[in-house]
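Have a look at the structure below before the remarks.
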Amino acid sequence: MAAWMLSSRSVCPACLLVHLGVVAAALTLVPKAWWSGPTVFAVAMIFLSTGGWEKIGTARGTAVFRPRPGESVPQGDVYVLFTDPECGRCRLAEANLAAKPNLQVLHRWVILPHGAYRTMRAAALVESVRLRSPQQARELIRLLASGPEELTDEAILHAASQAGVGPEARTWLTTPPNEAIAALEDDNTTAKELEIQSLPAMAKLSGPDATGSRRLTLLPAAQREN
6 MAAWMLSSRS VCPACLLVHL GVVAAALTLV PKAWWSGPTV FAVAMIFLST
56 GGWEKIGTAR GTAVFRPRPG ESVPQGDVYV LFTDPECGRC RLAEANLAAK
106 PNLQVLHRWV ILPHGAYRTM RAAALVESVR LRSPQQAREL IRLLASGPEE
156 LTDEAILHAA SQAGVGPEAR TWLTTPPNEA IAALEDDNTT AKELEIQSLP
206 AMAKLSGPDA TGSRRLTLLP AAQREN
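Its first residue numbered 6, the sequence shown is counted upward by one per residue in the working numbering.
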């Protein structure tokens with residue numbers, strides 16, 4: 006059953022305990038300095054709650070947009086791409102976006118059960134880099150999407166080196182800042198509010214309303230593919 010779950014990237018109710026066991030096993034491989042706190046335990050729940058998001062879905066929703074600390078949100082039409090670093094269709098979406106440099110896109114993370122330990126580390130590293138240099142973070146996202154399909158630590162660190170992140174990448178990969186972990190938690194919350202059921206998923210960012218809030222609206226599949 007576990008093999009079926011991981012190969013199909015779906016989680017049925019009967020598989021949830023198996024899925025939780027996979028997450029627990031992955032966390033035993035993470036250095037204690039990282040996983041011992043309650044924050045990281047909450048992040049582990051990302052994997053339990055996102056099973057099956059690789060399947061094709063049509064759910065749409067809205068959510069309040071919460072920018073990252075220090076994140077610069079462009080003017081005009083802005084889209085938010087929800088993606089997993091190892092998701093095959095997400096990598097194709099990244100390639101399509103690279104061919105549309107004028108499209109303004111922000112990235113958010115949805116961690117799928119398959120390869121969760123690796124992809125959590127890759128996404129957390131991106132968010133660690135973003136805290137220092139949004140430009141380097143964007144370059145790291147591009148390099149990860151065009152690199153090896155399996156994001157081993159070696160592959161992640163190689164991409165980080167190419168992005169000019171420097172020796173601190175190894176430290177961040179092992180012990181990311183709390184702000185990076187909080188970013189992954191927030192992405193999980195937003196994805197659930199949007200009722201995302203497939204990856205990649207794209208939402209459009211609206212302008213501020215009367216309260217000053219900006220909202221995300223999940224685009225239908227047909228629009229996301231264009």
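Cβ coordinates follow ideal geometry from the N, Cα and C atoms, glycine included.
**OP:** Give a yes or no on contact between the stretch 162-178 and the stretch 109-116, applying the rule of three or more CB pairs nearer than 8 Å.
**Re:** Contact between the stretch 162-178 and the stretch 109-116 is absent, because fewer than three Cβ pairs lie under 8 Å.
Original post:
Roughly how many whole angstroms lie between the Cα atoms of G212 and T67?
Top reply: 13 Å
Original post:
Which term fits G75, buried or exposed, when burial requires 16 or more other beta carbons within 10 angstroms of its beta carbon?
Top reply: Counting the other CB atoms within 10 Å of its CB gives G75 a total below 16, which places it among the exposed residues.
**OP:** Can you grab the Cα-Cα spacing for the pair A128 / L136, in whole Å?
**Re:** If you draw a straight line from the Cα of A128 to the Cα of L136, it comes to about 13 Å.
Subject >> Reference A174; option with closest CA among L221, A142, I116 and S77 >> reply: Nearest to A174 by C-alpha distance, out of L221, A142, I116 and S77, is A142.
Subject >> Where F46 falls: helix, strand or coil (DSSP) >> reply: At F46, the pLDDT of 38 sits below 50, so the modelled position is not reliable; the number obtained from the coordinates is stated separately. Looking at F46 - three-state DSSP - the assignment turns out to be helix.
**OP:** Using beta-carbon positions only, say whether L221 and V69 come within less than 9 Å of one another.
**Re:** yes
Subject >> F87 versus M207: straight-line alpha-carbon distance, rounded >> reply: Rounded to the nearest angstrom, the two C-alpha atoms are 6 Å apart.
Original post:
How would you call D82, buried or exposed, if buried means at least 16 neighbouring beta carbons within 10 angstroms?
Top reply: exposed
**OP:** Determine the burial state of T176: buried for a count of at least 16 other Cβ atoms within 10 Å of its Cβ, exposed for fewer.
**Re:** T176 is exposed by the Cβ-count criterion.
Original post:
Which residue's Cα is closest to the Cα of C92: N101, L117 and K105?
Top reply: L117
**OP:** Look at T124 and D158 and say whether their C-beta atoms are less than 9 Å apart.
**Re:** Contact: no.
Original post:
Do L223 and E200 have their C-beta atoms within less than 9 Å of each other?
Top reply: In contact: L223 and E200 (Cβ atoms closer than 9 Å).
Original post:
Over what stretch of residues does the beta strand (DSSP E) that includes K209 continue unbroken?
Top reply: For K209, the enclosing beta strand (DSSP E) has its first and last residue at A206 to L210.
Original post:
So what does DSSP say about L4, is it helix, strand or coil?
Top reply: Because the chain spans 6 through 231 in this model, residue 4 falls outside it and cannot be assessed.
**OP:** Return the residue from the list A103, P172 and L178 that minimises the CA-CA distance to V131.
**Re:** L178
**OP:** Leaving out five residues on either side along the sequence, give the residues of the same chain with a beta carbon under 6 Å from the beta carbon of L120.
**Re:** Per the sequence shown, the amino acid found at residue 120 is Gly instead of Leu. Closer than 6 Å at the Cβ level, and outside the excluded window around G120, lie E91.
Subject >> Helix, strand or coil at L32 according to DSSP, with G and I counted as helix >> reply: Low per-residue confidence applies at L32: pLDDT is 46, beneath 50, and the placement is therefore not dependable, though the value from the model is reported in the following sentence. Residue state, collapsed to three classes: helix.
Original post:
Out of S133, L156 and T195, which has the shortest C-alpha to C-alpha gap to G171?
Top reply: Nearest C-alpha to G171: S133.
Original post:
Beta-carbon separation of P225 and A98 under 9 Å?
Top reply: No, the pair does not count as a contact, with Cβ atoms beyond the cut-off.
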